[in-house]
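Enquirer: In order, the protein sequence lines correspond to chains A and B.
Counting in numbering that gives the first Met the number 0, the first sequence runs from 0 upward without gaps.
Counting in numbering that gives the first Met the number 0, the second sequence runs from 0 upward without gaps.
Attaching a single structure in structure tokens format; questions to follow.
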Amino acid sequence: MARADAGGSRSGKHLHEAALKRQHAREQWSVLSLVVPAMIVIVLIILIPLSWLFYLSFLGDDGGFSLENYHKMTQYKSYYRIFVTTFQVSILTTLACIALGYPLAFFLAQLPPRWAGVFMLAVLLPFWTSLLVRTYAWLVLLQKRGILNEFAMQVGLWETPIKLVHNLTGTLIGMAHIMLPFLILPLYNAMRKIDKDMMHAAANLGANPINAFWRVYFPLSLPGMVAGSLIVFVLCLGFYVTPAVLGGGRVIMVSNHITAILENQFDWGAASALGVVLLVATTFTLYVAARLFKFDAALFGRD
Amino acid sequence: MEIRTGLAAAIAATFALGAAATAEPITVVSWGGSYGQAQDNALFNDASRNSGIEIIRESGASMSKACLQVESGAVTWDLVVTGSGGAAAAAAKGCLEKIDYSVVDVSDFYPNTYTDHCVGSDVFATVMAWNTDKYGAPGSDGAPNSWADFFDVEKFPGTRAYRANNVDGALEPAVMADGVAPEDVYKVLATREGKERAINKIRELKPHIAVFWESGAMQAQLMKDGEVDMTTGWNGRFDNAKKDGATVGYTFNQALLDYDCFAMPKGAPNKDTAMAFLAEVSKAEYQANLPFHITYGPTNKKAYEVTTAPAELIRALPSHPDNVPFMVSVSLDWYAEHRAEALEMYIEMLSE
């Protein structure tokens, strides 16, 4: 502000400008000091362990600097495939969550707040149930002699059991169910903030409801959807329990392989290297996606 | 409670064992569930009382955790239960103390149930198990009886389960199914070609493998639920599944004879006391009680002489002299040398 007005009476403002600047700086520091406790926590529980992870991944068998942990990943095609599977599962889960979650959030946003609260409880209740319980519940529902197959065969929908679990299908069903609240909550929040008058104005200006939705409502709900999708996608990348239980050993994600390496070979270096590659790949993907879909502002705070 | 047991231990120690009299309690780590309970009831409680060595029991035994303790210089475990393969790998990494065989008496042990770094606690077998409704009771006409049958989906149509994420006990059945004699299994698997032969055999079966199992609990559950028709797994788990009403049977023919053991992390805080406890717990009189709690056999031959377990229970144990000749003993040397490579190849095939 001070700088913008600086064109006026220069000499007179000079004194005040310096004082204002000092005060501004003091204010900034005192505001900054509010985040110090959070910063300490982040340094202690994120930065230091993460640096340790990087350090371990470059440690060779002899204890010196080495790239052998990374070199090993290029020797076997399995590593490449495991990363492809990880991203594939994460993207598909995110898409499934959008397909299921968007209409649901839209529905909730249209309800009067009291009723929305009741329906929201239906979304949140499973969210508060243990992850393991929900995963095993899906196993009971979907397996060969599970509830779904038995029921469908009894009413004659199909004759032989359909393979719904111990594969990619089961993994996606389970993961989409577990991730859904992470998409709905930010999306619902964004939709609640959309001014209803916008839609009325669109109608008033001659847009039919479909047109008004796609050209007015949808773009306004996009930030919430992007935020929700990002949370879902990033959480999926590191998912362990659900693919392990519902994937039947066929859906091998990075986290599953890290466990295998640790349990079988006690190789912290190789396991760390996998973690580092996943971290770098995730950051890179988010960066590229941000550039492509122009949500840099939401992600990196740039405008 | 703690004071009372401590007092009891102190009194027992004063009277019985001079060596253990001033000793600190040792930390003994096993697995959870029925396995750890069986060990408490058959081994640990009695051995602790009789030797006067106080023990702290923990669950969640894992060689990777033991190695982490050693590497970070903060060892709190004295004795850890582990699979034989895990012990061999941990020993190769330098994570384990050498066992002092002047203290621990293994003269009555079966050969190949102890190494420089671990002492066998029980013998189990990796077997093929199947739905007896579908393929018939073990030993009956037309029932599966060899790994060749396991891999033969024309003769025995149906679904299979096999090991996930871990190569232990995964390649041996495949080469036997491919015609290798049981005694040559590890000779063949010592070469790259031999490993590829095994991997190719599993790859052939893969379209019929409906599930890859991750744990013993999962083996039992798959058979209970009828999710698959035939699986590999650990014999004790199927006996438990059968007790729970599953129609499951297995054969010891061509099964892989393996053992669990006690290992001591390098730098264990109470090394000498733990060694004395290891000597006590390895005695036949304790192992003789194990069959009452889990169908895993003793590593100490003499346990068969002193046990009071009924004959049919004894006869069903993997280390029973009548069963052993049909089986292949797992080679720890092979695992120490080839495990890493075999695991990469196996995961490579699984990820296809």
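Here a beta-carbon is modelled for each residue, glycine too, at the ideal position from N, C-alpha and C.
1. Residues in the same chain with beta-carbon distance under 6 Å from Phe108 of chain B, minus the five sequence neighbours each way, listed in chain order, please.
2. Strictly under 8 Å for the Cβ-Cβ distance: is Tyr69 of chain A near chain B by that measure?
3. Along the stretch 244-263 of chain A, where does the CB come closer than 8 Å to a CB of chain B? Name the residues.
4. Do you know how far the Cα of Arg338 of chain B is from the Cα of Asp167 of chain B?
5. Just the Cα atoms here: how many angstroms apart are Asn130 of chain B and Glu343 of chain B?
6. For the stretch 327-339 of chain B, which residues have a beta carbon sitting closer than 9 Å to at least one beta carbon of chain A?
7. Would you check if there are 3 or more beta carbon pairs closer than 8 Å linking the stretch 48-59 of chain B to the stretch 259-278 of chain B?
8. Between Met326 of chain B and Phe276 of chain B, is the Cβ-Cβ spacing less than 8 Å?
9. Can you check whether the C-beta of Asp132 of chain B is within less than 8 Å of a C-beta belonging to chain A?
10. Assuming Val329 of chain B contacts Ser83 of chain B under a Cβ cut-off of 8 Å, what Cβ separation, rounded to an integer in Å, is found between them?
11. Give the interface partners of Asn164 of chain B over in chain A, defined as CB-CB distance under 9 Å, in chain order.
12. Decide if Gly62 of chain A is buried, meaning its Cβ has at least 16 other Cβ atoms within 10 Å, or exposed.
13. Listed from N- to C-terminal order along the chain, which residues in the stretch 221-239 of chain B have their beta-carbon within a distance smaller than 7 Å of any beta-carbon of chain A?
14. When the distance is taken between beta carbons, is Val174 of chain B closer than 8 Å to Gly157 of chain B?
15. Listed in chain order, which residues of the stretch 78-93 of chain A have Cβ atoms closer than 7 Å to some Cβ of chain B?
16. Determine the burial state of Gln153 of chain A: buried for a count of at least 16 other Cβ atoms within 10 Å of its Cβ, exposed for fewer.
17. If I follow the unbroken beta strand (DSSP E) through Ala95 of chain A, where does it start and stop?
18. Can you give me the C-alpha to C-alpha distance between Arg196 of chain B and Glu262 of chain A, rounded to a whole angstrom?
19. At the 8 Å Cβ level, is Met62 of chain B part of the contact set with chain A, yes or no?
20. Hey, does Ile346 of chain B have any beta-carbon neighbour from chain A nearer than 8 Å?
21. Who pairs with Ile208 of chain B in a beta bridge, going by DSSP?
22. Could you check where the beta strand (DSSP E) with Gln253 of chain B kicks off and where it finishes?
23. Give the straight-line distance between the Cα atoms of Val276 of chain A and Val88 of chain A, rounded to the nearest whole angstrom.
24. In this structure, what does DSSP give as the bridge partners for Thr231 of chain B?
25. Any beta carbon of chain A sitting closer than 8 Å to that of Leu255 of chain B?
26. CA-CA distance, Leu285 of chain A and Leu67 of chain B?
27. So Gly65 of chain A and Phe57 of chain A are supposed to be a Cβ contact under 8 Å. How far apart are they, rounded?
28. Assuming Arg133 of chain A is part of the alpha helix (DSSP H), what are its boundary residues?
29. Sort A:Ile146, A:Met198 and A:Ser220 by Cα distance to Ala211 of chain A and report the nearest one.
30. Secondary structure at Cys66 of chain B, three-state DSSP: helix, strand or coil?
31. Return the Cβ separation of Asp99 of chain B and Ile25 of chain B in integer angstroms, given the expectation that the two are a contact with Cβ distance under 8 Å.
32. In three-state DSSP terms, what is Cys117 of chain B?
33. Which two residues bound the contiguous beta strand (DSSP E) that contains Val55 of chain B?
34. Given this structure, state the Cα-to-Cα distance separating Arg56 of chain B from Ile293 of chain B, to the nearest angstrom.
35. Anything in the stretch 134-145 of chain A with a Cβ closer than 7 Å to a Cβ of chain B? List those residues in chain order, please.
36. When the cut-off is 8 Å and only beta carbons count, does Phe149 of chain B lie next to chain A?
Expert: Straight from the coordinates:
1. Within the second sequence, residue 108 of chain B is the residue found at index 109, counting from 1. So the list reads Thr298 and Asn299, once near-sequence residues are dropped.
2. Taking the first sequence and counting its residues from 1, the one referred to as residue 69 of chain A is at position 70. Not closer than 8 Å to any Cβ of chain B, the Cβ of Tyr69 of chain A fails to qualify, so no.
3. Gly247, Gly248, Arg249, Ile251, Asn255, His256, Thr258, Ala259, Leu261, Glu262 and Asn263
4. By 1-based counting over the second sequence, the position of residue 167 of chain B is 168. By 1-based counting over the second sequence, the position of residue 338 of chain B is 339. The straight-line gap from Cα to Cα measures roughly 8 Å.
5. Along the second sequence, read from residue 1 onward, the residue named residue 130 of chain B stands at position 131. Along the second sequence, read from residue 1 onward, the residue named residue 343 of chain B stands at position 344. Near 31 Å, if we compare the C-alpha coordinates of Glu343 of chain B and Asn130 of chain B.
6. Arg338 and Ala339
7. Short answer: they touch.
8. Residue mapping note: residue 326 of chain B aligns to position 327 of the second sequence, counting from 1. Residue mapping note: residue 276 of chain B aligns to position 277 of the second sequence, counting from 1. Going by C-beta atoms, Met326 of chain B is not nearer than 8 Å to Phe276 of chain B.
9. In the second sequence, counting from the first residue as 1, residue 132 of chain B sits at position 133. So no, Asp132 of chain B is outside the interface.
10. As a working mapping, residue 329 of chain B is identified with position 330 in the second sequence. As a working mapping, residue 83 of chain B is identified with position 84 in the second sequence. Confirmed, about 6 Å.
11. By 1-based counting over the second sequence, the position of residue 164 of chain B is 165. Ala243, Gly248, Ile251, Asn255, His256, Thr258, Ala259, Glu262 and Asn263, listed in chain order.
12. If you number the first sequence from 1, residue 62 of chain A lands on position 63. Counting of Cβ neighbours within 10 angstroms places Gly62 of chain A among the exposed residues, the total staying below 16.
13. Asp224, Gly225 and Glu226
14. Translated into the one-based positions of the second sequence, residue 157 of chain B becomes position 158. Translated into the one-based positions of the second sequence, residue 174 of chain B becomes position 175. It is not a contact, given that the beta carbons lie outside the stated cut-off.
15. Listed by position along the chain: Arg80 and Ile81.
16. The residue labelled residue 153 of chain A in the question sits at position 154 within the first sequence. Around the CB of Gln153 of chain A, fewer than 16 other CB atoms lie within 10 Å, so the residue is classed as exposed.
17. As a first step, residue 95 of chain A is located in the first sequence; it is residue number 96 there, counting from the start. First-last for Ala95 of chain A: Lys76 to Gln109, but that is the alpha helix (DSSP H), not the beta strand (DSSP E).
18. For this step, residue 196 of chain B is matched to residue 197 along the second sequence. For this step, residue 262 of chain A is matched to residue 263 along the first sequence. Going from the Cα of Arg196 of chain B to the Cα of Glu262 of chain A covers about 25 Å.
19. In the second sequence, residue 62 of chain B corresponds to position 63, counting from 1. It does: the Cβ of Met62 of chain B has a partner Cβ on chain A nearer than 8 Å.
20. If you number the second sequence from 1, residue 346 of chain B lands on position 347. Chain A contact via Cβ: present.
21. Your numbering for residue 208 of chain B matches position 209 in the second sequence. According to DSSP, Ile208 of chain B bridges with B:Arg159.
22. Here the question's residue 253 of chain B lines up with position 254 in the second sequence. Gln253 of chain B -> beta strand (DSSP E) spans Val247 to Ala262.
23. By one-based count along the first sequence, residue 276 of chain A stands at place 277. By one-based count along the first sequence, residue 88 of chain A stands at place 89. About 17 Å.
24. For the purposes of this step, residue 231 of chain B is taken as residue 232 along the second sequence, with counting starting at 1. For Thr231 of chain B, which the question treats as bridged, DSSP gives the partners B:Met127.
25. To locate residue 255 of chain B, count along the second sequence from 1; it is residue 256. Among the residues facing chain A, Leu255 of chain B is not included, as its CB has no counterpart in that chain under 8 Å away.
26. Along the first sequence, one-based indexing puts residue 285 of chain A at 286. Along the second sequence, one-based indexing puts residue 67 of chain B at 68. So the alpha carbons of these two residues sit roughly 33 Å apart.
27. For this step, residue 65 of chain A is matched to residue 66 along the first sequence. For this step, residue 57 of chain A is matched to residue 58 along the first sequence. Rather than Gly, the amino acid found at residue 65 of chain A in this sequence is Ser. With 8 Å as the limit, Ser65 of chain A and Phe57 of chain A qualify as a contact, their Cβ atoms being about 7 Å apart.
28. On the first sequence, residue 133 of chain A is found 134 positions in, with the first residue counted as 1. First-last of the alpha helix (DSSP H) with Arg133 of chain A: Leu130 to Leu141.
29. Within the first sequence, numbered from 1, the residue matching residue 211 of chain A stands at position 212. Selected option, being the one with the closest Cα: A:Met198.
30. Looking up residue 66 of chain B in the second sequence gives position 67. In this structure, Cys66 of chain B counts as helix in the three-state DSSP scheme.
31. Position 100 of the second sequence, counted from the start, is the residue given in the question as residue 99 of chain B. Position 26 of the second sequence, counted from the start, is the residue given in the question as residue 25 of chain B. With a Cβ gap of about 15 Å, Asp99 of chain B and Ile25 of chain B do not count as contacting.
32. Working through the second sequence from its first residue, we reach residue 117 of chain B at position 118. Strand, per DSSP.
33. Residue mapping note: residue 55 of chain B aligns to position 56 of the second sequence, counting from 1. For clarity, residue 55 of chain B is Ile in the given sequence; the question names Val instead. Unbroken beta strand (DSSP E) run through Ile55 of chain B: Ile54 to Ser58.
34. Against the second sequence, residue 56 of chain B aligns to sequence position 57. Against the second sequence, residue 293 of chain B aligns to sequence position 294. Distance between the alpha carbons of Arg56 of chain B and Ile293 of chain B is about 19 Å.
35. Gln142, Lys143 and Arg144
36. On the second sequence, position 150 is the one that residue 149 of chain B refers to. Not an interface residue.
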